[in-house]
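Student:
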Amino acid sequence: MAATARRQQLQDVALAPLDWVEERSGLVGYTKWFLFRKVPRDITWSQTLGSAALTAFIVQATTGVFLAMFYKPDPVNAYASIQSITEDVTLGWLVRGMHKWGASVFIILMFFHMARAFLFGAYKYPRELNWILGVLLLVSGMAEGFTGYLLPWDNTSYWATVVGININATGPFVGPFLAQFLQGGLSIGPDTLPKFYALHMLVLPGAIMALIGLHLYLVVRLGVSSPPWSRSAAGRERPEAAAGRDGVGEPTTEGESA
Amino acid sequence: MSEEERDTQHLPAPSLWPIGFAVGVACILVGLVISVPALIVGAVIALVFGFLWVRDLMRAHPVTAAAPGAPAAAPVVTHADVGDNVDRATFLSLATIGVSGLIGAGVTLPVLGFGVLPSFVGDGVETHDVDLGPITNFPEGQYMIATYLENPEQGEVSRRTAFIRNNGSTDAGVPSFTAIFSRCVHLGCPVQPNGPIDEQAKQEVNGVELLPVLAASFGCPCHGGLYDSEGNRSAGPPVRSLDRYEFSIKDGNLILGRLFSVGHVEGVGATARIQKYYMAYPGVHVDGIESWLYPIPTPGSTG
Ligand code: HEM
Ligand code: FES
Numbered sequence: 001m002a003a004t005a006r007r008q009q010l011q012d013v014a015l016a017p018l019d020w021v022e023e024r025s026g027l028v029g030y031t032k033w034f035l036f037r038k039v040p041r042d043i044t045w046s047q048t049l050g051s052a053a054l055t056a057f058i059v060q061a062t063t064g065v066f067l068a069m070f071y072k073p074d075p076v077n078a079y080a081s082i083q084s085i086t087e088d089v090t091l092g093w094l095v096r097g098m099h100k101w102g103a104s105v106f107i108i109l110m111f112f113h114m115a116r117a118f119l120f121g122a123y124k125y126p127r128e129l130n131w132i133l134g135v136l137l138l139v140s141g142m143a144e145g146f147t148g149y150l151l152p153w154d155n156t157s158y159w160a161t162v163v164g165i166n167i168n169a170t171g172p173f174v175g176p177f178l179a180q181f182l183q184g185g186l187s188i189g190p191d192t193l194p195k196f197y198a199l200h201m202l203v204l205p206g207a208i209m210a211l212i213g214l215h216l217y218l219v220v221r222l223g224v225s226s227p228p229w230s231r232s233a234a235g236r237e238r239p240e241a242a243a244g245r246d247g248v249g250e251p252t253t254e255g256e257s258a
Numbered sequence: 259m260s261e262e263e264r265d266t267q268h269l270p271a272p273s274l275w276p277i278g279f280a281v282g283v284a285c286i287l288v289g290l291v292i293s294v295p296a297l298i299v300g301a302v303i304a305l306v307f308g309f310l311w312v313r314d315l316m317r318a319h320p321v322t323a324a325a326p327g328a329p330a331a332a333p334v335v336t337h338a339d340v341g342d343n344v345d346r347a348t349f350l351s352l353a354t355i356g357v358s359g360l361i362g363a364g365v366t367l368p369v370l371g372f373g374v375l376p377s378f379v380g381d382g383v384e385t386h387d388v389d390l391g392p393i394t395n396f397p398e399g400q401y402m403i404a405t406y407l408e409n410p411e412q413g414e415v416s417r418r419t420a421f422i423r424n425n426g427s428t429d430a431g432v433p434s435f436t437a438i439f440s441r442c443v444h445l446g447c448p449v450q451p452n453g454p455i456d457e458q459a460k461q462e463v464n465g466v467e468l469l470p471v472l473a474a475s476f477g478c479p480c481h482g483g484l485y486d487s488e489g490n491r492s493a494g495p496p497v498r499s500l501d502r503y504e505f506s507i508k509d510g511n512l513i514l515g516r517l518f519s520v521g522h523v524e525g526v527g528a529t530a531r532i533q534k535y536y537m538a539y540p541g542v543h544v545d546g547i548e549s550w551l552y553p554i555p556t557p558g559s560t561g
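These protein sequence lines map, in sequence, to chains A and B. To convert, note that position 216 of the first sequence is 216 in the numbering used here; the numbers rise steadily by one, no gaps. To convert, note that position 298 of the second sequence is 556 in the numbering used here; the numbers rise steadily by one, no gaps.
If you want it as structure tokens, here you go:
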């Protein structure tokens, strides 16, 4: 009796800060509700690819913020600052490596996640809008890769970007203007690197964060779709489902409220 | 005030006069700053509309006239009076949306314009004439690789390479040069002359590096584009002939001027006929049906 009371007391002390926050914001409750919302019983590991892409993005954002503290976005200093991050700054090689390799991981995971959504037919009603948001995320993610590639300012990045910009320039009607916007002139010049840097570290990440917010809002609101082989059909009760043998008890369009 | 009265809405009738009143006040404020007549006009407007507004308010407030305990008919009456479905709440929310929209546009439009418009009006696109030194440095019939800074203020980022060949003179006795820009017209990689380069004969003339080369053709390292000695495409993905420079001769020096794009070159050297177009981006067709896709000349290319 005394032991349990003591335990209870300890627990209360430990949870007091959380209670304090919860009472003033309700955030703890919301977080629990978000993390422990219902998902189909026959959900698979492939449905964690979205969270994997999210993790990759968070890694990029975090490492990028710290790289930005040492990187100098102008044609004279850019290359040298990258060299110094890699060779002089303590653990710079690691953070730069994480950002460089993580970029590919992020893109690859987005493609895997998209393939999953496609193969599961998760783009169908009512999730079309989330597919569209996903396409915007994919485009923004690729644009992140394109703008980031120029920043080391070595021969590979310079000429790859020349070719990339000129591919944009071949777009009908607007192409030449797009190219001129990207490089701030008729060819890559002193304004190009700062512009790519601003797009890479401010504009595109901002857009991606906003899009991820909407994307996840829809995931929560609509619920995660069950795999195509699932025996519990979405939006319609089946005998097995009603008996609670398979899938969530009540498949509805608002899965989380089930 | 009875309980019922306190429970009913004391709405003034919707009225348009405050708008005129506000215009008057704005006029007064502007007049204070710039002119006395405007101030007087503003004062008159404000007074007239202020009077009309107050009169409206006095008239359409029948709640006070209602007997205690009477049903709260007053607001309904005022609505019917004006014959208008826009009530106060709707008006306020529309006004809020409108004003927020205006503020938002006021912030967004200039910024968007700043971000995007410079590229459409050709900001930062200037042609710098480049002095390549005495024409006597260019032996007849041979290509020279000229490397120079297009804009020394910008530094290395503006380093460009041109291939210059002295063609002697035209039939009319005018000196003729072929001045080709090294940028590949497929997607912009640096085209290289195919042939032995005479490193020993390298010379430096006011910041321009000159290297003789025995080039019969030009090749691109990126996707294998191949051009003949006049810059016409002979193989690979490029869509037109290599771009060229206009040139002039001042005090015996060869001056490179504006760049232009070339559809095709017929003939060779001094007697060549060059189809000249405004400078276009690599990969952009300047002739043929595909050029219909690019109806507007690139900003800054027309001089
Ligand atoms: C920054 C990149 C992205 C992130 C962080 C992200 C994140 C997520 C997460 C966490 C989920 C929850 C379920 C799951 O993991 O499968 C999800 C679902 C979904 N995503 Fe993405 N996603 C991204 C890009 C994309 C792309 C490129 C597409 C397709 C064009 C896409 C389409 C979808 C669809 C249709 C769903 C609903 C799947 C279902 O309900 O079964 N997403 N996303
Ligand atoms: S850029 Fe020269 S062939 Fe592609």
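Beta carbons: idealized from backbone N, C-alpha and C, even for Gly.
#1: Please report the straight-line C-alpha distance between G373/B and D381/B, rounded to a whole angstrom.
#2: Tell me which residues of the segment 528-560 of chain B have at least one Cβ-Cβ distance to chain C shorter than 8 Å, keeping chain order.
#3: Is V286/A a contact residue of the ligand FES, with contact defined as CB to any heavy atom under 7 Å?
#4: Exposed or buried, what is A14/A when buried is set at 16 or more other beta-carbons lying within 10 Å of its beta-carbon?
#5: Quick one: which chain B residues come within Cβ less than 7 Å of P271/A?
#6: Output the distance between the C-alpha atoms of K124/A and H215/A, rounded to the nearest integer angstrom.
#7: From this set, Y539/B, I292/B, T348/B, R346/B, which residue's C-alpha is nearest L186/A's C-alpha?
#8: Taking a contact to mean a Cβ-Cβ separation below 8 Å, would you say N166/A touches L445/B in this structure?
#9: Kindly examine the ligand FES and report whether one of its heavy atoms sits closer than 7 Å to the Cβ of G446/B.
#10: In this structure, how does DSSP classify V432/B when only helix, strand and coil are distinguished?
#11: Using a Cβ cut-off of 7 Å, which residues of the segment 63-77 of chain A contact any Cβ in chain B, in chain order?
#12: Kindly list the residues whose CB is nearer than 7 Å to the CB of A420/B, restricted to its own chain and excluding five residues on each side of it in sequence; keep chain order.
#13: Can you find the residues in the same chain that come closer than 6 Å, C-beta to C-beta, to V334/B, ignoring five residues on each side of it along the sequence?
#14: Are L407/B and R423/B closer than 8 Å when you measure CB to CB?
#15: Can you list, in chain order, the residues of its chain whose CB lies under 6 Å from that of G371/B, leaving out five sequence neighbours each side?
#16: Contact between the segment 167-180 of chain A and the segment 549-556 of chain B is defined here as three or more beta-carbon pairs at a separation below 8 Å; is this criterion met?
#17: What residues are listed by DSSP as bridge partners for T48/A?
#18: What's the call for P152/A, buried or exposed, on a 16-neighbour Cβ count within 10 Å?
#19: I need the DSSP call for G23/A, collapsed to helix, strand or coil.
#20: Beta-carbon of F181/A versus every beta-carbon of chain B: anything under 8 Å?
#21: So what's S187/A in DSSP terms, helix, strand or just coil?
#22: Output the distance between the C-alpha atoms of L315/B and V365/B, rounded to the nearest integer angstrom.
#23: The alpha helix (DSSP H) spanning S81/A covers which residue range?
#24: Would you mind telling me which residues of chain A sit closer than 8 Å to L484/B, beta carbon to beta carbon, in chain order?
#25: For F518/B, does the three-state DSSP call read helix, strand or coil?
#26: Is the number of C-beta pairs between the segment 200-207 of chain A and the segment 119-133 of chain A that are closer than 8 Å three or more?
#27: Could you check whether the Cβ of V163/A sits closer than 7 Å to any heavy atom belonging to the ligand FES?
#28: In the DSSP output, what is Y406/B paired with across the bridge?
#29: Would you mind sorting A323/B into buried or exposed? The rule is 16 or more other CB atoms within 10 Å of its CB.
#30: Please name the residue or residues paired with F505/B in a DSSP beta bridge.
#31: Name, in chain order, the residues that DSSP records as bridge partners for F439/B.
#32: Keeping to the same chain, check which residues put their C-beta closer than 6 Å to that of C480/B; ignore five residues upstream and five downstream.
#33: Could you pull out every residue in the same chain whose Cβ sits closer than 7 Å to the Cβ of A259/A, ignoring the five residues on either side in sequence?
#34: Taking 7 Å as the cut-off, is the beta-carbon of H481/B closer than that to any non-hydrogen atom of the ligand FES?
#35: Can you give the beta carbon distance from L67/A to I43/A, rounded, assuming they're within the 8 Å contact cut?
#36: Could you tell me whether the Cβ atoms of P475/B and N452/B are closer together than 8 Å?
Tutor: Looking at the coordinates:
#1: Cα to Cα, G373/B sits roughly 12 Å from D381/B.
#2: This model lacks chain C altogether, as its protein chains are A and B.
#3: Examination of residue 286/A is not possible in this model, given that chain A is present from 1 through 258 alone.
#4: exposed
#5: Here chain A comprises residues numbered 1 to 258, so residue 271/A is not present and cannot be evaluated.
#6: Between K124/A and H215/A, the alpha-carbon positions lie close to 15 Å from each other.
#7: Y539/B
#8: Yes, the pair counts as a contact, with Cβ atoms nearer than the cut-off.
#9: yes
#10: coil
#11: P75, V76
#12: A404, A437, I438, F439, S440, Y503, L514
#13: In this predicted model, V334/B has a pLDDT of only 48, less than 50, meaning its place in the structure is not dependable; the value taken from the coordinates is given anyway. Excluding sequence neighbours, V334/B sits near nothing in its chain.
#14: No, the Cβ-Cβ distance between L407/B and R423/B is not below 8 Å.
#15: none
#16: yes
#17: The partner list for T48/A (beta bridge, DSSP) is empty, contrary to what the question assumes.
#18: buried
#19: Correcting the residue type first, residue 23/A is Glu in the shown sequence and not Gly. Correct three-state label for E23/A: helix.
#20: yes
#21: coil
#22: 37 Å
#23: 78-87
#24: Within chain A, no residue comes near L484/B; the closest Cβ sits about 17 Å away, beyond 8 Å.
#25: Of the three classes helix, strand and coil, the one that applies to F518/B here is strand, per DSSP.
#26: no
#27: yes
#28: R418/B
#29: Its pLDDT being 46, under 50, A323/B is placed unreliably in this model, and the coordinates cannot settle the point.
#30: According to DSSP, which records beta bridges pairwise, F505/B is partnered with L514/B.
#31: Beta-bridge pairing links F439/B to A420/B.
#32: C447
#33: As displayed, chain A neither begins before 1 nor continues past 258, which places residue 259/A out of reach and without an answer.
#34: yes
#35: With a Cβ gap of about 36 Å, L67/A and I43/A do not count as contacting.
#36: Note on identity: in this sequence residue 475/B is Ser, with Pro being the wrong assignment. Their beta carbons are under 8 Å apart, which means S475/B touches N452/B by this criterion.
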